[in-house]
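Residue numbers (the working numbering): -12 to 327.
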């Protein structure tokens, strides 16, 4: 059964006068936070019950004809702009509010089972990880230590390596159409490399996204995290940001999303400074599940917030999921288990 919210947030705009000199007090009413299984209603009223000729309502700049019991179940989660143009006498005024759409259910919880354990370079501050044609491709961070690597899974040996200039702090990467796309942290620049030679093909700049954190792809677009709740979709040819989702749970936004992987039609994201993975619906940004991977960090000889889990790679052909962390001495093949 759909639930209709009753709480409201009011925006008062003063000083709107008619020829008689009387001030209008207009208010735009809408919920401040609402779950997407609830019906949204918005309205405008005048505090002193003065006449309003007509009102036009908008959500994110798009006009809506019906402003009562609006179905938002197919909307993306996160921040939205509610606005109204109010006509009274010979005047008009624009009112705006902000509303946040939340997930309509709690995230499921998963734990894990270790299937296999492999060696990993304990000096690799892992930022990006991806499986391709039998090898792991990895990017590492820290200025003066950032690199792009091709790694033999069974031995952990680096079989090919490209060091970045010392000015760059390396971040996430993904492989798409025989190219490696790699981010840097705060330099607002990313790189495209040839998959086989590691020759640099071009650089690209970030536009609206804040920083470079994690990178993946869905077979059509690149998916980029920037440390906020937003995940950006990039055109792989132009590298322009063409849209975004905002990641929200039932109680609010989820930030600090780091290394990314895309498989089984979902986005998997490490959450910085936690040993967990967030599983995200790519259509609306809903956190559908959280994977608790506590215990792996200690097994890999690390403690502390800096050396946490970071690195997710999926082998689609063999249905294998790999994870590791920053300066961990182990890479793990794991199986996800739904917590009962």
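Each residue gets a CB set at the ideal place from its N, CA and C atoms; glycine is no exception. None of the values given here were measured: they were computed from a predicted structure.
{"Asked": "Alpha-carbon spacing of residue 258 relative to residue 80, whole angstroms", "Found": "43 angstroms"}
{"Asked": "Boundaries of the alpha helix (DSSP H) in which residue 284 is found, first to last residue", "Found": "283 to 286"}
{"Asked": "Residue 219 (DSSP reduced to helix, strand or coil)", "Found": "strand"}
{"Asked": "Same chain, Cβ closer than 6 angstroms to residue 193, five either side skipped, listed in chain order", "Found": "175"}
{"Asked": "For residue 260 and residue 87, the rounded distance between their alpha carbons", "Found": "25 angstroms"}
{"Asked": "Rounded separation between residue 139 and residue 92 - CA only", "Found": "41 angstroms"}
{"Asked": "Proximity to residue 116 [Cα-Cα], best of 302, 324, 306, 243", "Found": "302"}
{"Asked": "For residue 312, the nearest candidate out of 269, 251, 305, 246 (CA to CA)", "Found": "246"}
{"Asked": "CA-to-CA distance, residue 73 to residue 216, given in whole angstroms", "Found": "33 angstroms"}
{"Asked": "Option in 325, 172, 321, 59 with minimal Cα separation from residue 103", "Found": "321"}
{"Asked": "Which of helix, strand or coil DSSP assigns to residue 40", "Found": "coil"}
{"Asked": "Outcome for residue 154 when other beta-carbon atoms lying within 10 angstroms are tallied against a minimum of 16", "Found": "exposed"}
{"Asked": "Meets three-Cβ-pair contact criterion under 8 angstroms: the segment 143 to 154 and the segment 232 to 241", "Found": "no"}
{"Asked": "contact_flag[the segment 17 to 29, the segment 56 to 72] where n(CB pairs < 8 angstroms) is 3 or more", "Found": "yes"}
{"Asked": "DSSP three-state assignment for residue 196, whether helix, strand or coil", "Found": "coil"}
{"Asked": "Every unbroken beta strand (DSSP E) inside the segment 144 to 203 [3 residues or more]", "Found": "145 to 150, 157 to 163, 166 to 171, 176 to 181, 187 to 192"}
{"Asked": "Whole-Å CB distance - residue 223 paired with residue 309, under 8 angstroms assumed", "Found": "No, residue 223 and residue 309 are not in contact; Cβ-Cβ is about 24 angstroms, not under 8 angstroms."}
{"Asked": "Distance between residue 315 and residue 289 (C-alpha atoms, nearest Å)", "Found": "7 angstroms"}
{"Asked": "Sheet register partners of residue 256 (DSSP bridge)", "Found": "247, 265"}
{"Asked": "Reduced DSSP category for residue 304 - H, G, I as helix; E, B as strand; rest coil", "Found": "coil"}
{"Asked": "Inter-residue Cα distance where the pair is residue 70 and residue 159", "Found": "38 angstroms"}
{"Asked": "Cβ pair residue 113, residue 157 closer than 7 angstroms", "Found": "no"}
{"Asked": "Distance between residue 182 and residue 264 (C-alpha atoms, nearest Å)", "Found": "27 angstroms"}
{"Asked": "Residue range of the unbroken beta strand (DSSP E) whose run includes residue 95", "Found": "95 to 106"}
{"Asked": "Extent of the continuous beta strand (DSSP E) to which residue 114 belongs", "Found": "113 to 119"}
{"Asked": "Beta-carbon contacts of residue 8 that lie in its chain and below 7 angstroms, excluding the five residues immediately before and after", "Found": "Note that residue 8 scores a pLDDT of 39, beneath 50, so its modelled location is shaky and nothing firm can be said."}
{"Asked": "Residue(s) in a DSSP beta bridge with residue 81", "Found": "72"}
{"Asked": "Cβ shell of residue 20 (< 7 angstroms), same chain only, five flanking positions each side left out", "Found": "87, 89"}
{"Asked": "Residue 318 classed as buried or exposed, judged by whether at least 16 other C-beta atoms fall within 10 angstroms", "Found": "buried"}
{"Asked": "Residue 237 - DSSP class collapsed to helix/strand/coil", "Found": "coil"}
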